[in-house]
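Residue numbers (the numbering used here), protein chains in the order written: chain S, 832 to 1061; chain Z, 832 to 1061; chain R, 832 to 1061; chain L, 832 to 1061. Some notes on the structure that comes next.
4 protein chains.
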Amino acid sequence: MSDTLKEAVCTANLKLAASGLVIDTWGNVSGVDRAAGVMVIKASGVPYEGMTAEHMVAVRLDTGKPLDTHLKPSSDTPTHLALYRALPQVGGVVHTHSVYATAWAQARRAIPALGTTHADYFHGPIPCTRELTAAEIRTDYEANTGAVILEVLAGRDALEVPAALVAGHGPFAWGGSPDEAVHNAILLEHLARMAALTTLIAPKPRPITRELLDKHFFRKHGPGHTYGQD
Amino acid sequence: MSDTLKEAVCTANLKLAASGLVIDTWGNVSGVDRAAGVMVIKASGVPYEGMTAEHMVAVRLDTGKPLDTHLKPSSDTPTHLALYRALPQVGGVVHTHSVYATAWAQARRAIPALGTTHADYFHGPIPCTRELTAAEIRTDYEANTGAVILEVLAGRDALEVPAALVAGHGPFAWGGSPDEAVHNAILLEHLARMAALTTLIAPKPRPITRELLDKHFFRKHGPGHTYGQD
Amino acid sequence: MSDTLKEAVCTANLKLAASGLVIDTWGNVSGVDRAAGVMVIKASGVPYEGMTAEHMVAVRLDTGKPLDTHLKPSSDTPTHLALYRALPQVGGVVHTHSVYATAWAQARRAIPALGTTHADYFHGPIPCTRELTAAEIRTDYEANTGAVILEVLAGRDALEVPAALVAGHGPFAWGGSPDEAVHNAILLEHLARMAALTTLIAPKPRPITRELLDKHFFRKHGPGHTYGQD
Amino acid sequence: MSDTLKEAVCTANLKLAASGLVIDTWGNVSGVDRAAGVMVIKASGVPYEGMTAEHMVAVRLDTGKPLDTHLKPSSDTPTHLALYRALPQVGGVVHTHSVYATAWAQARRAIPALGTTHADYFHGPIPCTRELTAAEIRTDYEANTGAVILEVLAGRDALEVPAALVAGHGPFAWGGSPDEAVHNAILLEHLARMAALTTLIAPKPRPITRELLDKHFFRKHGPGHTYGQD
Chain S
832 MSDTLKEAVC TANLKLAASG LVIDTWGNVS GVDRAAGVMV IKASGVPYEG MTAEHMVAVR
892 LDTGKPLDTH LKPSSDTPTH LALYRALPQV GGVVHTHSVY ATAWAQARRA IPALGTTHAD
952 YFHGPIPCTR ELTAAEIRTD YEANTGAVIL EVLAGRDALE VPAALVAGHG PFAWGGSPDE
1012 AVHNAILLEH LARMAALTTL IAPKPRPITR ELLDKHFFRK HGPGHTYGQD
Chain Z
832 MSDTLKEAVC TANLKLAASG LVIDTWGNVS GVDRAAGVMV IKASGVPYEG MTAEHMVAVR
892 LDTGKPLDTH LKPSSDTPTH LALYRALPQV GGVVHTHSVY ATAWAQARRA IPALGTTHAD
952 YFHGPIPCTR ELTAAEIRTD YEANTGAVIL EVLAGRDALE VPAALVAGHG PFAWGGSPDE
1012 AVHNAILLEH LARMAALTTL IAPKPRPITR ELLDKHFFRK HGPGHTYGQD
Chain R
832 MSDTLKEAVC TANLKLAASG LVIDTWGNVS GVDRAAGVMV IKASGVPYEG MTAEHMVAVR
892 LDTGKPLDTH LKPSSDTPTH LALYRALPQV GGVVHTHSVY ATAWAQARRA IPALGTTHAD
952 YFHGPIPCTR ELTAAEIRTD YEANTGAVIL EVLAGRDALE VPAALVAGHG PFAWGGSPDE
1012 AVHNAILLEH LARMAALTTL IAPKPRPITR ELLDKHFFRK HGPGHTYGQD
Chain L
832 MSDTLKEAVC TANLKLAASG LVIDTWGNVS GVDRAAGVMV IKASGVPYEG MTAEHMVAVR
892 LDTGKPLDTH LKPSSDTPTH LALYRALPQV GGVVHTHSVY ATAWAQARRA IPALGTTHAD
952 YFHGPIPCTR ELTAAEIRTD YEANTGAVIL EVLAGRDALE VPAALVAGHG PFAWGGSPDE
1012 AVHNAILLEH LARMAALTTL IAPKPRPITR ELLDKHFFRK HGPGHTYGQD
């Protein structure tokens, strides 16, 4: 079972690398098998070139304990675990340092919904977390990174806002599967780039109206969607 | 007859994708056969890879009713129809979310004619529509998108201003044929990029003079043009 | 004789296209044979793909009259001629609409000498012309474009400032040969990009000192140069 | 002995060129063999295409005198020598004019530590030197360039801050080997780009906290590092 998941997570990691969002070894994709209680994630610091399913590491979803011992899992493992535990609809998580989304995270600004491109995928602004406190950094830093993401998602459907920016750090994105999570990370970067260019042209751009946001989001998502083939 | 048009529209869609202006499945090209009263447009949400003329859908120009039933036409179909009905000289329409033109649309600013590159293709600023009202969004949204484009073109020759920006959305471009429309969409993106970079260097750049605008536009267009080979 | 020059000018045009500076058919390179009194330039509006020496057109340096009649020379021919006539040390001229240099031209700003990269190739700011008057645009527009370039070069050695920006239009670059002119056009675009990014970081950047400008320029140019192999 | 070093330095120069950081012939990599008292550096003004170990030049670390006479060493040789002499832990030095790092150097601004991407490689801001005085430019310019870099490193471990910007000039980077130095030059450019984009979104971005800086830097560096495989 976890072999199939390892293949899917490896494929998603390679798709992420091919998208140009990954610089150096910065970035990782995970997936979850909830029935088995297992999360699979890229090993820490492994290069993308020559990557195979062997470089994916399984850990227990409840305790975080590795089920594989040949390689250490990504150092961001506790952040991924925190998201899966709190968000049952999520099947894949991605972390990147893609340049435009990271620039917004470094600016500590949510990405406003400035256009319908944004509204096609995100039902509102892409939130930015608060900064972690010194205590949160010193102890359980990676798990606390997950916690501040969950704070900004409070009361939202995570699949209607499938990404968040960690202040001073970079983006996390997610979706129903590892492949969808990678797709959302790619879209996030395009939206972050378009929004940055918009601020170049008009320093304080206004978000689109609630009506336009709803129109576009629900054209693509939910029971009444009309976009695409049936 | 509509087979030839489907080939031309498919070719134009593929040229659009090859130009790098299309992200994900955002973008579509249509063409018209006015004698037959038929518009052909890309099917909704179809990937560009492996696209053939079979993925093009014919609809009636007057009623918008599909003449093909194997695939749903692009969700932007009513916008394209509105443009063809009001602009008899137009033979092809393109919609993209190309990043720089979309950034201007998100900033809700017309692209001023800042240089002769612009004047070679557009006889004045590239207009930006007003925002749609809540009522216009709720009912016949896509047709109303066409209507606000027509508002900003009022009194202009559409082939002298072969594109417009929809506020908070993105660009539509057009031309005498689907191929020309794609060419104009590509040029628009270059002009949008150059204009954005100009605002980086000089925050409030002045447009070129009327004389320079006319000189360059009419060097390339109209009965007295001198550019190119005869 | 003019066949060799046509080959050189064609090669330089193709190098320009390969550099990525040319969008659509915007751009042209010329060369001169002063002994023969002949200038060779790209034909007007000819695509770069499939371009051969046959697409180059010879004109008389003194009168501007075509020596070839199979194709019309570039519409910018009178600008090139004006530069060759006034600047005897120039053997090649390039015109592009490369995006960053054009953005400075649209902003109507000289590119200041902000760093040693600039000083390695330009011994001072890259000047920007004044705007042409309505009368200068209406009559002999292209020759007047050459004239305003020569105005901003007054008193300078053209090979120490091998490019200028035409306000509201774009860059012209030159050099001892068509190949050198293309090289300078490519460097100009890099310098324009670096200078634009500098203004993003520090809105009013100061130029480097005269001493640093001289040091770098004369390390590479003139009798005392030390850069490169002998 | 110096043949092996020449191979390593040549390989690092080619890696630098392949990274896209080098424009024209701007850029050079050196390496050192401290036991032999020899530095090897790229020859001056040599193109990257067709470059082999034969194009690397050995000079004495103490006097700077060439041990090879077939080619002149890079004109930046005295800067490299100054760094090796003062920084015993450094085994490779790189100089580039990469666009974003050069833009910061031209803006005469240190690159602040705006995010964890930065903190993963640099334990604090990437410093920018003061401008050289006219006297420092006139006499021993290249050695004085090394001296102002050493000034801004004073009291720091050079491997915790493996790059600096020379005001009005561009970046120098270093590492334990020529290969590491190139890696740091590549990372520097990414950080410079992200920081520039951050200032586009938030004109005066705040650096990350000391706790976050330490957390990320020491996750990757030093005896307690946890990142990567053992």
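We put the CB at the ideal spot given by N, CA and C, even for glycine.
Original post:
What are the start and end residues of each continuous beta strand (DSSP E) run of 3 or more residues lying completely inside the region 854-894 of chain R, in chain order?
Top reply: Restricted to the region 854-894 of chain R, the beta strand (DSSP E) segments that are unbroken, complete and at least 3 residues in length are 858-864, 869-873, 887-891, listed in chain order.
Original post:
How would you label Q1060 (chain Z), buried or exposed, when you count the other beta carbons within 10 angstroms and need 16 or more for buried?
Top reply: By the neighbour-count criterion, in which 16 or more other beta carbons inside 10 Å mark a residue as buried, Q1060 (chain Z) falls on the exposed side.
Original post:
Rounded to a whole number of angstroms, what is the C-alpha to C-alpha distance between G1006 (chain R) and G1053 (chain Z)?
Top reply: Rounded to whole angstroms, G1006 (chain R) to G1053 (chain Z) spans 36 Å at the Cα level.
**OP:** Please confirm whether A985 (chain L) and P1002 (chain L) have their CB atoms less than 9 Å apart.
**Re:** Not in contact: A985 (chain L) and P1002 (chain L) (Cβ atoms no closer than 9 Å).
**OP:** Output yes if chain R places a C-beta closer than 9 Å to the C-beta of H1014 (chain L); else output no.
**Re:** Proximity of H1014 (chain L) to chain R, defined by a Cβ-Cβ separation below 9 Å, is not satisfied.
Subject >> Strand pairing of V925 (chain Z), partner residues [DSSP] >> reply: Z:V860, Z:A1004.
Subject >> Residue from R:Q920, R:A1004, R:A998 with nearest C-alpha to L1043 (chain Z) >> reply: Its Cα nearest to that of L1043 (chain Z), the residue R:A998 stands out among R:Q920, R:A1004, R:A998.
**OP:** Consider the Cβ of T947 (chain S): report whether some Cβ of chain L lies at a distance smaller than 9 Å.
**Re:** T947 (chain S) does not count as touching chain L.
**OP:** Going by DSSP, name the residue or residues bridged to C959 (chain L).
**Re:** C959 (chain L) is bridged to L:L996.
**OP:** Output the boundary residues of the alpha helix (DSSP H) element that contains Y972 (chain Z).
**Re:** Taken as a continuous stretch (DSSP letters only), the alpha helix (DSSP H) holding Y972 (chain Z) covers 972-984.
**OP:** Give the straight-line distance between the Cα atoms of A867 (chain L) and Y915 (chain L), rounded to the nearest whole angstrom.
**Re:** If I take the Cα positions, the gap works out to 13 Å.
**OP:** Name, going along the chain, the residues of the region 896-911 of chain L whose beta-carbon falls closer than 8 Å to a beta-carbon of chain R.
**Re:** Within the region 896-911 of chain L, the residues whose Cβ lies closer than 8 Å to any Cβ of chain R are, in chain order, L902, K903, S906.
**OP:** For F1049 (chain R), I'd like the list of residues in its chain whose CB is within less than 8 Å of its CB, leaving aside the five on either flank, ordered along the chain.
**Re:** Leaving aside the five residues that flank F1049 (chain R) on each side, the residues in its chain whose CB is nearer than 8 Å to its CB run, in chain order, G1055, H1056.
Original post:
Of the residues Z:A874, Z:Y931, Z:P993, Z:E973, which one's Cα is nearest the Cα of L902 (chain Z)?
Top reply: Looking at Z:A874, Z:Y931, Z:P993, Z:E973, the one whose alpha-carbon comes closest to that of L902 (chain Z) is Z:A874.
Original post:
In chain R, what lies closer than 7 Å to M1025 (chain Z) by C-beta?
Top reply: For a Cβ distance threshold of 7 Å, residue set V930, T933, A934, Q937 of chain R lies close to M1025 (chain Z), ordered along the chain.
**OP:** Would you mind sorting A1023 (chain Z) into buried or exposed? The rule is 16 or more other CB atoms within 10 Å of its CB.
**Re:** Buried.
Original post:
Distance, Cα to Cα, G996 (chain R) vs A941 (chain R)?
Top reply: Gly is not the amino acid found at residue 996 (chain R); the sequence shown has Leu there. CA-to-CA, the gap between L996 (chain R) and A941 (chain R) works out to about 7 Å.
**OP:** Quick one: grab the DSSP three-state call for I942 (chain S).
**Re:** Three-state DSSP puts I942 (chain S) in a strand.
Subject >> Limits of the unbroken alpha helix (DSSP H) element including I968 (chain R) >> reply: Per DSSP, the unbroken alpha helix (DSSP H) holding I968 (chain R) starts and ends at 965-969.
Subject >> Cβ-based neighbour list, A1026 (chain S), same chain, cut-off 6 Å, excluding 5 preceding and 5 following >> reply: Counting only Cβ-Cβ distances below 6 Å, and skipping sequence neighbours, we find I942, L945.
Subject >> Close-in-space but distant-in-sequence residues of the same chain around L981 (chain Z) (CB under 6 Å, 5 per side omitted) >> reply: Listed in chain order, the non-local C-beta contacts of L981 (chain Z) below 6 Å within the same chain comprise A917, local neighbours out to five positions each way being set aside.
Original post:
Can you find a CB in chain L that lies within less than 9 Å of the CB of E962 (chain S)?
Top reply: At a cut-off of 9 Å between beta carbons, E962 (chain S) contacts chain L.
**OP:** Output the distance between the C-alpha atoms of T908 (chain Z) and A1012 (chain S), rounded to the nearest integer angstrom.
**Re:** Distance between the alpha carbons of T908 (chain Z) and A1012 (chain S): 30 Å.
**OP:** Round the Cβ separation of G922 (chain S) and S1008 (chain S) to the nearest angstrom and send it over; I've been treating them as touching at under 8 Å.
**Re:** G922 (chain S) to S1008 (chain S), Cβ: 5 Å. Contact.
Subject >> Sheet register partners of P904 (chain R) (DSSP bridge) >> reply: DSSP, once it has assigned bridges, lists R:A874 as partnering P904 (chain R).
Original post:
Along the region 861-878 of chain L, what residues have a CB closer than 8 Å to any CB found in chain R?
Top reply: If the cut-off is 8 Å between Cβ atoms, the region 861-878 of chain L has A874, S875, G876, V877 near chain R.
Subject >> Chain-ordered neighbours of G1059 (chain R) on chain L, where CB pairs are closer than 7 Å >> reply: Using a Cβ-Cβ cut-off of 7 Å, G1059 (chain R) is close to S875, G876 of chain L, given in chain order.
Subject >> Proximal chain Z residues relative to E1042 (chain S), where beta-carbon distance stays under 7 Å >> reply: The answer, in chain order, is A965, I968, R969.
**OP:** With 7 Å as the C-beta to C-beta threshold (strictly closer), list the residues of the region 970-1002 of chain S near chain L in chain order.
**Re:** Cβ contacts with chain L: Y972, G999, H1000, G1001.
Original post:
When you compare only the Cα positions, how much space is there between A989 (chain S) and Y1058 (chain S)?
Top reply: So the two alpha carbons sit approximately 21 Å from each other.
Original post:
Based on the DSSP output, what are the partners of P897 (chain L) in its beta bridges?
Top reply: Answer by DSSP bridge pairing, in chain order: L:V890.
Original post:
Under three-state DSSP, which class holds D834 (chain Z)?
Top reply: Correct three-state label for D834 (chain Z): helix.
Subject >> Euclidean distance between Cα positions of I968 (chain L) and L963 (chain R) >> reply: Spanning the two alpha carbons is a distance of roughly 41 Å.
Subject >> Closest residue to E991 (chain Z) among Z:A974, Z:Q920, Z:E973 (Cα-Cα distance) >> reply: Ranking Z:A974, Z:Q920, Z:E973 by CA distance to the CA of E991 (chain Z) puts Z:Q920 first.
Subject >> Under 7 Å by beta carbon: chain L residues contacting I854 (chain S) >> reply: Within chain L, the C-beta atoms nearer than 7 Å to that of I854 (chain S) come from H1021, in chain order.
Subject >> Among L:V983, L:A934, L:L1031, L:A974, the one whose alpha carbon lies nearest that of R1037 (chain R) >> reply: Looking only at L:V983, L:A934, L:L1031, L:A974, the smallest Cα-Cα distance to R1037 (chain R) is reached by L:A934.
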